[in-house]
Amino acid sequence: MLYMTWDEGLSLIAKAWAEHCMFQHNPKLKDDPSVHPAFSSVGENIWTGSPSLFDATRAIKKWVDEKEDYDYQGNKCNSVCGHYTQVVWGSSYKVGCAAHLCPGGVAGFTSKEGVVFVCNYATAGNMDSARPYESGGAACSGCSGSCVDRLCRDNRSPAGAPAVAPAVAPAGAPTGAPASASHYPDYLNILIVRPMGLLLTFITAFALHYRYPDVFCYE
Amino acid sequence: MSADQGPVTSMDVDAAFLKSKRGILKAAEMVTLFAAFVCFTVASRPKYITATVLELLITSLLLSLYLFKLNKRLTFFFWPLVDVCNSVFAVVYFLVLSLLAMTTHTVTGTLVGGIFSLVLAALLSADGYILFRNITFNQPGGQSQSPDNQ
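So the protein lines, in turn, are chains W and G.
Letter by letter, the first sequence follows residues 1 to 219 in our numbering.
Letter by letter, the second sequence follows residues 1001 to 1150 in our numbering.
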């Protein structure tokens, strides 16, 4: 099973979809499995509920608790297990989550205020109705990289980026993830772009004035 | 960094500017911006709230520049050009923001805010266009009458 780390891109995909306030899977993941340039496929878990009930750790635990219904030996499921198998999916090694508060309700769930919590995983799990991970004796038996805490830190990662990123989120429990993906608040773009635009405005005006010193404005 | 010409007098207010076409446009921009700000606040979309607050700040600074005739004192910049360039940037910027707001809206507040942003873009382009028409690039400065003033 691969060691899992946070991915900013995946959290942005999760954020973009959470903002739609819909309790259903992101259709883009199906239409275009390469929504994230670095991964061939992206998987997704969604939790929705009222804001008072929301807690990232609890939401993820809810998914993991599906383990009760899953039978590894027979690879069978008694009710819903897909969230659990995605969380522990052996070849998924990147995760990005985001939560969004929907004051106007969540389509397909509630008309009252609700929170949509989305986690995107890459590469996607739940493929070909296979088992989520191999159980072949010792941990990391099929690992070509280093083995830390019984998790494989493989070096196979897209675009040459190291699979072992400094942001630590152990496999199956990305609970260190901030609930709102607040690494990068979206108003930050605005706070950068607009003042830059103002600066550009002054520079352009100054350059034009320099180029045309005789410029004149009628009142 | 100002007041390099003549004795410093008390600030005179150019109330006539408020009654001019561009003064009215600037005031309308402020009102529209405030309406958009209220909408985005109701919808609690921090990105758009930030954008409208910043723009309110910039517009009010420009408005007070003309209102207190500071453009006559701070002559290091040629203000009409600054104003036009600012309008051009703001039009593009608010067009993008309003389209973003309207396509990703989940609550009515964001949608209405997006519509106000679109109105703002229209007001800004009118403002910039009117001012740009009054600017001439090759006229010797200072001559107030000109034969080829269109």
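Every residue gets a Cβ at the ideal spot worked out from N, C-alpha and C, and that includes glycine.
Please read all numbers here as calculations on a predicted model, not as lab measurements.
Check: Rounded to whole angstroms, how far is the Cβ of phenylalanine 23 of chain W from the Cβ of alanine 107 of chain W, which I believe are closer than 8 angstroms?
Finding: As a position in the first sequence, residue 23 of chain W is number 23, starting the count at 1. As a position in the first sequence, residue 107 of chain W is number 107, starting the count at 1. Phenylalanine 23 of chain W to alanine 107 of chain W, Cβ: 7 angstroms. Contact.
Next item on the list: Could you check the C-alpha separation between proline 199 of chain W and isoleucine 192 of chain W for me, to the nearest Å?
Entry: Translated into positions along the first sequence, residue 199 of chain W becomes position 199. Translated into positions along the first sequence, residue 192 of chain W becomes position 192. The question names proline, but residue 199 of chain W in the sequence shown is leucine. Near 11 angstroms, if we compare the C-alpha coordinates of isoleucine 192 of chain W and leucine 199 of chain W.
Notebook entry, point to check: From which residue to which residue does the alpha helix (DSSP H) around leucine 1016 of chain G run?
Noted result: Residue 1016 of chain G sits at position 16 when you count from the first residue of the second sequence. In the sequence as presented, leucine is not what sits at residue 1016 of chain G; that position holds alanine. For alanine 1016 of chain G, the enclosing alpha helix (DSSP H) has its first and last residue at 1015 to 1019.
Notebook entry, point to check: To which residues of the same chain is threonine 1110 of chain G closer than 6 angstroms at the C-beta, ignoring the five residues directly before and after it?
Noted result: On the second sequence, residue 1110 of chain G is found 110 positions in, with the first residue counted as 1. Answer for threonine 1110 of chain G: Ala1043, Arg1045 and Ala1101, listed in chain order.
Margin query: Quick check: alanine 1122 of chain G and alanine 1090 of chain G, are their CB atoms within less than 9 angstroms of each other?
Written below: Along the second sequence, read from residue 1 onward, the residue named residue 1122 of chain G stands at position 122. Along the second sequence, read from residue 1 onward, the residue named residue 1090 of chain G stands at position 90. Result no, Cβ atoms of alanine 1122 of chain G and alanine 1090 of chain G do not sit closer than 9 angstroms.
Note to self: Would you say isoleucine 1058 of chain G lies against chain W (beta-carbon separation less than 9 angstroms)?
What the structure shows: As a first step, residue 1058 of chain G must be located in the second sequence, where it is residue number 58. At least one chain W Cβ lies under 9 angstroms of isoleucine 1058 of chain G.
Notebook entry, point to check: Going along chain W, which residues have a C-beta under 8 angstroms from serine 1093 of chain G?
Noted result: Numbered from 1 along the second sequence, position 93 holds the residue referred to as residue 1093 of chain G. Contrary to the premise, residue 1093 of chain G reads as tyrosine rather than serine in this sequence. Those are Val193, Arg194 and Gly197, listed as they occur along chain W.
Check: Which chain W residues sit within Cβ distance under 8 angstroms of threonine 1041 of chain G?
Finding: Counted from its first residue, the second sequence places residue 1041 of chain G at position 41. Within 8 angstroms of the CB of threonine 1041 of chain G, no CB atom of chain W is found; the nearest one sits about 12 angstroms away.
Check: Quick one: Cα of leucine 1063 of chain G to Cα of phenylalanine 1132 of chain G, how far?
Finding: Locating residue 1063 of chain G in the second sequence gives position 63, counting from the first residue. Locating residue 1132 of chain G in the second sequence gives position 132, counting from the first residue. So the alpha carbons of these two residues sit roughly 17 angstroms apart.
Check: If you follow the beta strand (DSSP E) that alanine 98 of chain W is part of, which residue opens it and which one closes it?
Finding: As a first step, residue 98 of chain W must be located in the first sequence, where it is residue number 98. Counting along the chain, alanine 98 of chain W sits inside the beta strand (DSSP E) bounded by residues 94 to 102.
Notebook entry, point to check: Beta-carbon of leucine 1074 of chain G versus every beta-carbon of chain W: anything under 9 angstroms?
Noted result: Locating residue 1074 of chain G in the second sequence gives position 74, where the first residue counts as 1. Chain W places no beta carbon closer than 9 angstroms to that of leucine 1074 of chain G, leaving this residue out of the contacts.
Checklist line | Three or more C-beta pairs below 8 angstroms linking the segment 1026 to 1042 of chain G and the segment 1069 to 1081 of chain G | finding: Contact between the segment 1026 to 1042 of chain G and the segment 1069 to 1081 of chain G is absent, because fewer than three Cβ pairs lie under 8 angstroms.
Notebook entry, point to check: In three-state DSSP terms, what is serine 220 of chain W?
Noted result: Only positions 1 to 219 of chain W appear in this structure, which leaves residue 220 of chain W out of reach.
Margin query: Considering just the uninterrupted stretch of the beta strand (DSSP E) at asparagine 120 of chain W, what are its terminal residues?
Written below: Here residue 120 of chain W corresponds to residue number 120 of the first sequence, with the count starting at 1. Taken as a continuous stretch (DSSP letters only), the beta strand (DSSP E) holding asparagine 120 of chain W covers 114 to 122.
Margin query: Taking 8 angstroms as the cut-off, does the segment 7 to 25 of chain W touch the segment 42 to 52 of chain W (at least 3 CB pairs, one atom from each stretch)?
Written below: Touching, yes, given that three or more Cβ pairs across the two stretches are closer than 8 angstroms.
Note to self: Can you check whether the C-beta of valine 35 of chain W is within less than 9 angstroms of a C-beta belonging to chain G?
What the structure shows: Here residue 35 of chain W refers to the residue found at position 35 of the first sequence. Not one chain G Cβ lies under 9 angstroms of valine 35 of chain W.
Checklist line | Length of the line joining the Cα atoms of valine 164 of chain W and tyrosine 3 of chain W | finding: Along the first sequence, read from residue 1 onward, the residue named residue 164 of chain W stands at position 164. Along the first sequence, read from residue 1 onward, the residue named residue 3 of chain W stands at position 3. At valine 164 of chain W the pLDDT is 38, less than 50, meaning the model places this residue with poor confidence; the figure from the coordinates comes in the next sentence. In a straight line, the C-alpha of valine 164 of chain W is about 8 angstroms away from that of tyrosine 3 of chain W.
Next item on the list: Report the residues of the segment 102 to 114 of chain W with a CB closer than 7 angstroms to any CB of chain G, ordered along the chain.
Entry: Residues are counted here when their Cβ sits less than 7 angstroms from a Cβ of chain G; for the segment 102 to 114 of chain W these are Cys102, Pro103 and Gly104, given in chain order.
Check: Closest to serine 111 of chain W by CA distance: which of W:Leu101, W:Asp7 and W:Ala14 is it?
Finding: As a first step, residue 111 of chain W is located in the first sequence; it is residue number 111 there, counting from the start. It is W:Leu101 whose Cα lies nearest to the Cα of serine 111 of chain W.
Margin query: Whole angstroms are fine: how far does the CA of leucine 1054 of chain G sit from the CA of glycine 74 of chain W?
Written below: Taking the first sequence and counting its residues from 1, one reaches residue 74 of chain W at position 74. Taking the second sequence and counting its residues from 1, one reaches residue 1054 of chain G at position 54. Taken atom to atom, the span from the alpha-carbon of glycine 74 of chain W to that of leucine 1054 of chain G is near 60 angstroms.
Next item on the list: Please go through the same chain and pick out, in chain order, the residues whose beta-carbon is closer than 7 angstroms to the beta-carbon of tyrosine 212 of chain W, but skip the five residues on each side of it.
Entry: By one-based count along the first sequence, residue 212 of chain W stands at place 212. Exclusion of the five residues before and after tyrosine 212 of chain W leaves no residue of its chain whose Cβ lies closer than 7 angstroms to its Cβ.
Next item on the list: Please decide whether leucine 2 of chain W counts as near chain G, where near means a Cβ-Cβ distance under 9 angstroms.
Entry: Counting from 1 along the first sequence, the entry for residue 2 of chain W is found at position 2. With 9 angstroms as the cut-off, leucine 2 of chain W does not count as an interface residue toward chain G.
Item checked: Residues near threonine 201 of chain W by beta carbon distance below 8 angstroms, same chain, minus five either side -> As a position in the first sequence, residue 201 of chain W is number 201, starting the count at 1. Here the set comprises nothing.
Notebook entry, point to check: So what's phenylalanine 216 of chain W in DSSP terms, helix, strand or just coil?
Noted result: Against the first sequence, residue 216 of chain W aligns to sequence position 216. Looking at phenylalanine 216 of chain W - three-state DSSP - the assignment turns out to be strand.
Margin query: For a cutoff of 9 angstroms on Cβ pairs, would you count leucine 1099 of chain G as touching chain W?
Written below: Stepping through the second sequence from its first residue, residue 1099 of chain G is reached at position 99. Not one chain W Cβ lies under 9 angstroms of leucine 1099 of chain G.
Next item on the list: Just confirm the distance between the C-beta atoms of asparagine 189 of chain W and leucine 10 of chain W, as a whole number of angstroms; I'd bet it's less than 8 angstroms.
Entry: Along the first sequence, read from residue 1 onward, the residue named residue 189 of chain W stands at position 189. Along the first sequence, read from residue 1 onward, the residue named residue 10 of chain W stands at position 10. Wrong, their Cβ atoms sit about 19 angstroms apart, outside the cutoff.
Next item on the list: Could you pull the start and end residues of the beta strand (DSSP E) that leucine 151 of chain W belongs to?
Entry: By 1-based counting over the first sequence, the position of residue 151 of chain W is 151. Per DSSP, the unbroken beta strand (DSSP E) holding leucine 151 of chain W starts and ends at 151 to 153.
Check: Looking at the C-beta of histidine 25 of chain W, does it have a partner C-beta in chain G at a distance below 9 angstroms?
Finding: Locating residue 25 of chain W in the first sequence gives position 25, counting from the first residue. Taking Cβ atoms only, chain G never reaches closer than 9 angstroms to histidine 25 of chain W, which makes this a no.
Next item on the list: Could you check what DSSP says for alanine 159 of chain W in three-state terms: helix, strand or coil?
Entry: Position 159 of the first sequence holds residue 159 of chain W. Summary for alanine 159 of chain W: the model assigns pLDDT 39, below 50, so the residue's position carries little reliability, and this model does not support an answer.
Next item on the list: Indicate whether alanine 122 of chain W and phenylalanine 216 of chain W have their beta-carbon atoms separated by less than 9 angstroms.
Entry: In the first sequence, the residue the question calls residue 122 of chain W occupies position 122. In the first sequence, the residue the question calls residue 216 of chain W occupies position 216. For the 9 angstroms CB-CB criterion, alanine 122 of chain W and phenylalanine 216 of chain W do not form a contact.
Next item on the list: Using a cut-off of 7 angstroms between C-beta atoms, extract the partners of cysteine 217 of chain W located in chain G.
Entry: If you number the first sequence from 1, residue 217 of chain W lands on position 217. Within chain G, the C-beta atoms nearer than 7 angstroms to that of cysteine 217 of chain W come from Pro1080, Asn1134 and Ile1135, in chain order.
Margin query: Between which residues of its own chain and valine 118 of chain W is the CB-CB distance below 7 angstroms, once the five residues before and five after are set aside?
Written below: Taking the first sequence and counting its residues from 1, the one referred to as residue 118 of chain W is at position 118. Only Ala14, Trp17, Ala18, Glu44, Ile46, Cys97 and Ala98 meet the Cβ criterion.
Margin query: For a minimum of 3 consecutive residues, which ranges assigned as the beta strand (DSSP E) are wholly contained in the segment 17 to 71 of chain W?
Written below: Entirely contained in the segment 17 to 71 of chain W, the beta strand (DSSP E) runs reaching 3 residues are, in chain order, 43 to 49.
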